[in-house]
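S.K.: Numbering (our numbering), first residue to last: 12 to 361.
Heads up, the beta-carbon is just placed ideally off N, CA and C, and yes, glycines get one too.
1) From residue 144 to residue 151, what does the alpha carbon distance come to, in whole angstroms?
2) Could you tell me the alpha carbon to alpha carbon distance between residue 283 and residue 343, rounded to whole angstroms?
3) Would you mind stating whether residue 322 and residue 307 have Cβ atoms separated by less than 7 Å?
4) Excluding sequence positions up to five away, which residues of its chain have a Cβ less than 6 Å from the Cβ of residue 265?
5) Looking at the structure shown, is residue 125 part of a helix, part of a strand, or coil, going by DSSP?
6) Quick one: Cα of residue 48 to Cα of residue 42, how far?
7) Going by CA-CA distance only, name the one from 172, 169, 209, 159 that's closest to residue 185.
8) Between the Cα of residue 231 and the Cα atoms of 274, 275, 146, 248, which residue gives the shortest distance?
9) I need the straight-line Cα distance from residue 129 to residue 337, nearest angstrom please.
10) Roughly how many angstroms lie between the CA atoms of residue 28 and residue 44, to the nearest whole one?
11) Any idea which residues DSSP pairs residue 142 with across the strands?
12) Quick one: measure Cβ to Cβ for residue 58 and residue 21, integer angstroms, because I've assumed they're closer than 8 Å.
13) Given a cut-off of 7 Å, decide if residue 312 and residue 347 are closer than it, judged by their beta-carbon atoms.
14) If you follow the alpha helix (DSSP H) that residue 58 is in, where does it begin and where does it stop?
15) Look up residue 361 in the DSSP assignment and say whether it is helix, strand or coil.
16) Along the beta strand (DSSP E) that carries residue 176, what are the first and last residues, could you check?
17) Using a C-beta cutoff of 7 Å, does residue 245 count as contacting chain C?
18) To the nearest whole angstrom, what separates the beta carbons of residue 229 and residue 189, a pair I think is in contact under 8 Å?
19) Excluding the five sequence neighbours on either side, which residues of its own chain have a C-beta within less than 7 Å of the C-beta of residue 165, listed in chain order?
20) Evaluate the contact criterion for the segment 118 to 133 versus the segment 243 to 261: three or more CB pairs, one atom per stretch, below 8 Å.
21) Let me make sure I understand the geometry here. Which of 24, 81, 69, 216 has the alpha-carbon closest to that of residue 295?
22) Quick check on residue 91: does DSSP put it in helix, strand or coil?
23) Measuring CA to CA, which of 87, 54, 123 is closest to residue 75?
24) Using only the alpha-carbon positions, how far apart do residue 212 and residue 197 sit?
25) Where does residue 294 sit, in a helix, a strand or coil, going by DSSP?
26) Measuring alpha carbon to alpha carbon, tell me which residue in 162, 156, 209, 195 is nearest residue 183.
27) Please confirm whether residue 39 and residue 51 have their CB atoms less than 7 Å apart.
28) Out of curiosity, what's the CA-to-CA distance linking residue 314 and residue 329?
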C-alpha cells in the first residue's frame, strides 16, 4: 500500500485530535470534525489501511484508533504544522533570562523551570563533561578568623566552592599571595591535568607552612572533584502525573525513579543528540526501557566553543511536538546568548 496524500491528511487529523483529547478516535468523528471532503466509510477504510501499515493501533477496549510510534514519526517528520510562538509565549520563555545570573548552573535551573512550566512536561539540562573543561580562576577568600572559602571557576562559567578551616595566622595578604600562586600554576589546565599529584607538587613549591597551605590545597581539590563529569538539572518531574497515560501508578513510579538515575538520564540525553539541530526520539526509539512510553526532544548548546551540553524535554508520546520543538529551539537561543554574556563579562574579578 502507498502512503498517499489522503492517508496523510487522515493520519494528521487523527494525531492532532489524539494529542488534544487523549481519546481513541473513530471515522465518524474525523468526518464530522475535519473538513476532509471524505465520507465516514471512506475514512474508515483508510484507517484500516493505516493500521495495517503500522501507523495506527486499535486499543482492545475501543473501536477507535490511536497513533503508533511509526505514526508519530511520520507526523513529526512530514505532517505536523509549525508552531509560531506568539508574543505572550515569547515573554514567558524570556523570563528564563530576566533575572541576572552569574553561573551556568543558575542559568540552566531557570531555563528548565521555565520550559517545564511552559510545556507542562519534564524538562532537563545537562552540562558538558566538566572534567575536560579548564580552570579559569581560583580565589581564596577569608570569611572570618580561622575560616576561608576556596572558589574555583572553569571556562564554562561554572563555580564551585569549599569552606575550609585555616590557621588563624593566615593573613589576607598571605591568602592573596597563595591565590596568585594557585592561578599561576593551575589556571589554563584541564581538571584532568590538575590532578592530586600536581597539587601535592604545589605544596613543595609554595613557601608557606603546611598548616596554612594544606587545607587550601585540599579545598581546591574538593572543588575540582565537585566538577565531576556532568551536572544535571530536572524540573517538572511530577508534570507527567497530569497526563492520562500515566494514571497507572506503576508506570508513573517507574518514570519518577528513572529521574533519580543521573547516569541513565545523561546517557539518554547524549544518545539522542546530534551536533546540530533538534532531535526527537519517539517511544520505542528510546534506548531506555523506562521511557519507551515517552518521547524525548533534545537540543545541544555550546559552551566555550568545544564543550557541548544538552537541554531536553520528556513527555508522553502524545506530546504537543510542534509547541515543544519551537519552545526548546527558542530556549537554546536564549541560553547560548546568556552563556556568551557570562563568559565575556562575569567572573573576571575572581
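M.R.: Here's the rundown:
1) Locating residue 144 in the chain shown gives position 133, where the first residue counts as 1. Locating residue 151 in the chain shown gives position 140, where the first residue counts as 1. Roughly 21 Å between the two C-alpha positions.
2) Residue 283 sits at position 272 when you count from the first residue of the chain shown. Residue 343 sits at position 332 when you count from the first residue of the chain shown. For residue 283, the predicted model reports a pLDDT of 48, less than 50, meaning its position is unreliable; a value from the coordinates is still stated below. Rounded to whole angstroms, residue 283 to residue 343 spans 16 Å at the Cα level.
3) In the chain shown, residue 322 corresponds to position 311, counting from 1. In the chain shown, residue 307 corresponds to position 296, counting from 1. In this structure, residue 307 does not lie closer than 7 Å to residue 322 by Cβ.
4) Along the chain shown, read from residue 1 onward, the residue named residue 265 stands at position 254. These residues qualify, in order along the chain: 301.
5) For this step, residue 125 is matched to residue 114 along the chain shown. Here residue 125 sits in helix by DSSP.
6) If you number the chain shown from 1, residue 48 lands on position 37. If you number the chain shown from 1, residue 42 lands on position 31. Cα-Cα distance, rounded: 8 Å.
7) Against the chain shown, residue 185 aligns to sequence position 174. Nearest C-alpha to residue 185: 159.
8) For the purposes of this step, residue 231 is taken as the residue at position 220 of the chain shown. With distances taken between Cα atoms, residue 231 lies closest to 146.
9) Mapped onto the chain shown, residue 129 falls at position 118. Mapped onto the chain shown, residue 337 falls at position 326. Approximately 11 Å, taken between the alpha carbons.
10) The count along the chain shown starts at 1 and reaches residue 28 at position 17. The count along the chain shown starts at 1 and reaches residue 44 at position 33. Cα-Cα distance, rounded: 9 Å.
11) Taking the chain shown and counting its residues from 1, the one referred to as residue 142 is at position 131. Answer is none; residue 142 lacks a bridge partner.
12) In the chain shown, residue 58 corresponds to position 47, counting from 1. In the chain shown, residue 21 corresponds to position 10, counting from 1. The Cβ separation is near 7 Å, so the contact holds.
13) Your numbering for residue 347 matches position 336 in the chain shown. Your numbering for residue 312 matches position 301 in the chain shown. Going by C-beta atoms, residue 347 is nearer than 7 Å to residue 312.
14) Walking along the chain shown from the start, residue 58 turns up at place 47. Run containing residue 58: 51 to 63, per the alpha helix (DSSP H) assignment.
15) Here residue 361 refers to the residue found at position 350 when the chain shown is read from its first residue. Residue placement at residue 361 is flagged as unreliable, the pLDDT there being 38, under the threshold of 50; the coordinate-derived value follows with that caveat. The answer is coil: DSSP assigns residue 361 none of H, G, I, E or B.
16) Start at 1 with the first residue of the chain shown, and residue 176 comes out as number 165. Run containing residue 176: 170 to 176, per the beta strand (DSSP E) assignment.
17) No chain C appears in this structure, which consists of one protein chain only.
18) As a first step, residue 229 must be located in the chain shown, where it is residue number 218. As a first step, residue 189 must be located in the chain shown, where it is residue number 178. Actually they are not in contact, since the Cβ atoms of residue 229 and residue 189 sit about 13 Å apart, beyond 8 Å.
19) For this step, residue 165 is matched to residue 154 along the chain shown. Contacts found: 141, 144, 145, 146, 147, 238.
20) yes
21) On the chain shown, residue 295 is found 284 positions in, with the first residue counted as 1. Among 24, 81, 69, 216, the Cα nearest to that of residue 295 is on 81.
22) As a working mapping, residue 91 is identified with position 80 in the chain shown. If DSSP states are grouped into helix, strand and coil, residue 91 belongs with coil.
23) Position 64 of the chain shown, counted from the first residue, corresponds to residue 75. Out of 87, 54, 123, 54 has the C-alpha closest to the C-alpha of residue 75.
24) For the purposes of this step, residue 212 is taken as the residue at position 201 of the chain shown. For the purposes of this step, residue 197 is taken as the residue at position 186 of the chain shown. Roughly 11 Å between the two C-alpha positions.
25) Here residue 294 corresponds to residue number 283 of the chain shown, with the count starting at 1. If DSSP states are grouped into helix, strand and coil, residue 294 belongs with the helices.
26) The residue you call residue 183 lines up with position 172 of the chain shown. When each option's Cα is compared against that of residue 183, the closest is 156.
27) Position 28 of the chain shown, counted from the first residue, corresponds to residue 39. Position 40 of the chain shown, counted from the first residue, corresponds to residue 51. Their beta carbons are under 7 Å apart, which means residue 39 touches residue 51 by this criterion.
28) Locating residue 314 in the chain shown gives position 303, where the first residue counts as 1. Locating residue 329 in the chain shown gives position 318, where the first residue counts as 1. Approximately 32 Å, taken between the alpha carbons.
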